[in-house]
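**Q** These protein sequence lines are chains V and Z, in that order.
166 is the number that the working numbering gives to position 166 of the first sequence; each next residue is one higher, with no gaps.
310 is the number that the working numbering gives to position 83 of the second sequence; each next residue is one higher, with no gaps.
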Amino acid sequence: MSCERYRDVLSDVAAGAAALAGVEAHLASCAGCRAELAALRQALAVADDELSRLLLAEPSPDLAARIRSAVAEPAEAEPGWHLGWGFMVTAAVAAVVVATVFVAQRGPRPGPLATVADRARVHETPRATPAPETVAPETARSSQPVESQPRVSSRARAQRPREPEILVPAGEAESLLRFAASLRRRSVTPDSLLVADLSAPLTEPTVGEIPPLAIVPLDPTESSGAE
Amino acid sequence: MVLDGAMAAGWARTVSLDPALESEFEARLSDSSTLAFRVALSVLRRREDAEDVAQEAFLRAHRSFASIRDRDRFRAWLVRTSFRIALDRIRGEKRRARREDAVAMEARVHEDSAEDYAARGELRARVAEAVAALPEKLRLVTVLVAIEEQDVASVARLLELPEGTVKSRLHRARKELAKRLR
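(1) Going by other Cβ atoms of all chains shown within 10 Å of its Cβ, with 16 needed for buried, is V/Glu73 buried or exposed?
(2) Taking CB distances under 9 angstroms as the criterion, tell me whether V/Gly16 reaches chain Z.
(3) With a cut-off of 9 angstroms, does the C-beta of Z/Leu248 fall near any C-beta of chain V?
(4) Measure the C-alpha to C-alpha separation of V/Glu174 and V/Arg185 and round it to an integer number of angstroms.
(5) Grab me the residues of Z/Ser260's own chain with a C-beta within less than 8 angstroms of its C-beta, minus the 5 sequence neighbours each way, in chain order.
(6) Would you check if there are 3 or more beta carbon pairs closer than 8 angstroms linking the stretch 394 to 403 of chain Z to the stretch 12 to 22 of chain V?
(7) Cα separation between Z/Glu349 and V/Leu56?
(8) List the residues of chain V that Z/Thr483 touches, going by C-beta distances under 7 angstroms, in chain order.
(9) Comparing the C-beta of V/Ser2 with each C-beta of chain Z, is any distance below 9 angstroms?
(10) Can you find the residues in the same chain that come closer than 7 angstroms, C-beta to C-beta, to V/Ser11, ignoring five residues on each side of it along the sequence?
(11) Using a cut-off of 7 angstroms between C-beta atoms, extract the partners of V/Ala70 located in chain Z.
(12) Out of Z/Glu275, Z/Ser291, Z/Leu268, Z/Arg351, point me to the one whose CA is closest to Z/Arg311's CA.
(13) Name the DSSP bridge partner or partners of V/Ile215?
(14) Quick one: give me the first and last residue of the alpha helix (DSSP H) that V/Gln42 is part of.
(15) Taking one C-beta from the stretch 366 to 386 of chain Z and one from the stretch 297 to 317 of chain Z each time, how about it: are there three or more such pairs within less than 8 angstroms?
(16) Taking V/Val46 as the query, report the chain Z residues whose CB atoms sit under 8 angstroms from its CB, ordered along the chain.
(17) Name the chain Z residues that come within less than 7 angstroms of V/Arg66, Cβ to Cβ?
(18) Note down the Cα distance separating Z/Ala254 from V/Ala28, rounded to an integer number of angstroms.
(19) In whole angstroms, what separates the C-alpha of Z/His289 from that of Z/Lys406?
(20) Are the C-beta atoms of V/Cys30 and some chain Z residue less than 9 angstroms apart?
(21) How would you call Z/Lys321, buried or exposed, if buried means at least 16 neighbouring beta carbons within 10 angstroms?
(22) Can you list, in chain order, the residues of the stretch 374 to 407 of chain Z whose Cβ is nearer than 7 angstroms to any Cβ on chain V?
(23) Please go through the same chain and pick out, in chain order, the residues whose beta-carbon is closer than 8 angstroms to the beta-carbon of V/Arg34, but skip the five residues on each side of it.
(24) Thinking C-alpha only, which one of Z/Gly319, Z/Asp276, Z/Leu248, Z/Ala303 is nearest Z/Leu386?
(25) So V/Ala43 contacts chain Z; which residues on that side make the cut at Cβ distance below 7 angstroms?
(26) Within 10 Å of its beta-carbon, does Z/Asp279 have 16 or more other beta-carbons around it, so buried, or fewer, so exposed?
(27) Could you check if V/Pro217 is buried or exposed, using at least 16 other CB atoms within 10 Å of its CB as the buried criterion?
(28) V/Ser52 CB to nearest chain Z CB: under 9 angstroms?
(29) Identify whether Z/Glu283 lies in helix, strand or coil by the three-state DSSP scheme.
(30) How should V/Gly61 be labelled, buried or exposed, when 16 other C-beta atoms within 10 angstroms of its C-beta is the threshold for buried?
(31) Restricting to Cα atoms, I'd like to know which of Z/Ser257, Z/Leu408, Z/Phe252 is closest to Z/Ala355.
(32) For Z/Ile295, name the three-state secondary structure that DSSP assigns.
(33) Could you have a look at Z/Arg273 and say whether DSSP puts it in helix, strand or coil?
(34) Of all the CB atoms in chain V, is at least one closer than 9 angstroms to the CB of Z/Thr369?
(35) Any idea if Z/Phe252 is buried or exposed, counting beta-carbon neighbours within 10 angstroms, 16 or more meaning buried?
(36) By how many angstroms is the C-alpha of Z/Phe264 removed from the C-alpha of V/Ala43?
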């Protein structure tokens, strides 16, 4: 059993480590461990002999010439490199296509009406009399307390088309809705709008001629019903 | 089209060095091609494969020669690269062999082994296997010490390591070899 303790130490000694006094004493009294150490040293000697054969190994005389020629010659295109560029170009084209499809699926951006609404939000002023006309039932709904409104998930809100909002002069909501409806029917084109007499002199409107404005949500469903 | 033209001209692979660098590269080639060959041979054990690896290592060296032109640095780089290419190659062979018919692989191994036994004896074949089974760091030190004729300082320069680290690794490698071969 005591020899087991020296097993690891013996391989250390065989590999070149100095044997401690205790190990020396054990080896002096144990023939088995002496034989084990000799066997380990013999195995390493064979290993050294085998490895030293690498020193005798010489390459072919033409190896240097082959290397010179390989270095000097333009090599064939490396497939990996070529594939890499091809892959990058294909990936770029695919990315553009995917982005285009994604943008197209999101639908057209809100038109001029929404733009007007955005501006109105920035320059919102205290509401003046007369009170703004109710253009769409959404207006009434949106004025309800938050607690009474049905819960809508943020995802659903994100997917729901944004309700267009527009500044509507008092008394002109109806005509504006008709105009929007006619736009949808494409009965009004940009060219058909150019009917104003551009040669007429421009007159500066006075403040009193412009009725106060108000922000009124425009419900698309309502507008189609007004046709 | 522009890309294809450049590649047809070998732009992707060859690098032209200025005459001074080219002359230094030639000196390194004469000086160290055998070193690269022997390092590769220690892994692959087939002369033709070892020469292919040496050639590939020098091709790579030529591409980045400006940064490794110093002799010691070049030899250190070459040893590491040759060793790495050889290991990659033998691992690739093993992967391919695993994919192929296992029976065919058995036959090939048996054939190699028989050849080895006839040429070097059973114990020598075991030595080769034991060296191959060492961890990479220990294996490289073991091989280089043999190639550099037991000159630990030279191996330390090749590996860009302190001599103490080389001695320590060598001792661990020899201890491991002794255990495996016993």
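Each residue gets a CB set at the ideal place from its N, CA and C atoms; glycine is no exception.
**A** In short, the structure shows the following:
(1) Classification of V/Glu73: exposed, given that the 10 Å Cβ count is below 16.
(2) yes
(3) The C-beta of Z/Leu248 comes no closer than 9 angstroms to any C-beta of chain V.
(4) 17 angstroms
(5) Ala281, Phe285
(6) yes
(7) 20 angstroms
(8) For chain Z, the structure presents residues 228 to 409; residue 483 of chain Z sits outside this window and is missing.
(9) For V/Ser2, the answer is no, since every Cβ of chain Z falls outside 9 angstroms of its Cβ.
(10) Leu40
(11) Residues of chain Z with a Cβ closer than 7 angstroms to the Cβ of V/Ala70 are, in chain order, Gln282, Leu286.
(12) When C-alpha distances from Z/Arg311 are compared across Z/Glu275, Z/Ser291, Z/Leu268, Z/Arg351, the shortest belongs to Z/Leu268.
(13) Residue pairing by DSSP places V/Ile215 opposite V/Leu167 in a beta bridge.
(14) 31 to 56
(15) Of all C-beta pairs linking the stretch 366 to 386 of chain Z to the stretch 297 to 317 of chain Z, three or more are shorter than 8 angstroms, placing the two stretches in contact.
(16) Leu350, Arg351, Val354, Leu408
(17) Those are Gln282, listed as they occur along chain Z.
(18) Distance between the alpha carbons of Z/Ala254 and V/Ala28 is about 55 angstroms.
(19) 41 angstroms
(20) no
(21) exposed
(22) Ile374, Glu376, His398, Arg401, Lys402, Leu404, Ala405, Lys406
(23) Leu27
(24) Distance check between Z/Leu386 and each of Z/Gly319, Z/Asp276, Z/Leu248, Z/Ala303 places Z/Ala303 closest, using alpha-carbon atoms only.
(25) Ala405, Leu408, Arg409
(26) buried
(27) buried
(28) Interface residue, yes.
(29) Correct three-state label for Z/Glu283: helix.
(30) With the sequence shown as reference, residue 61 of chain V is identified as Pro, and Gly is not the correct amino acid for it. With fewer than 16 other Cβ atoms inside 10 Å of its own Cβ, V/Pro61 counts as exposed.
(31) The closest CA to that of Z/Ala355, considering only Z/Ser257, Z/Leu408, Z/Phe252, is found on Z/Leu408.
(32) coil
(33) coil
(34) yes
(35) buried
(36) 26 angstroms
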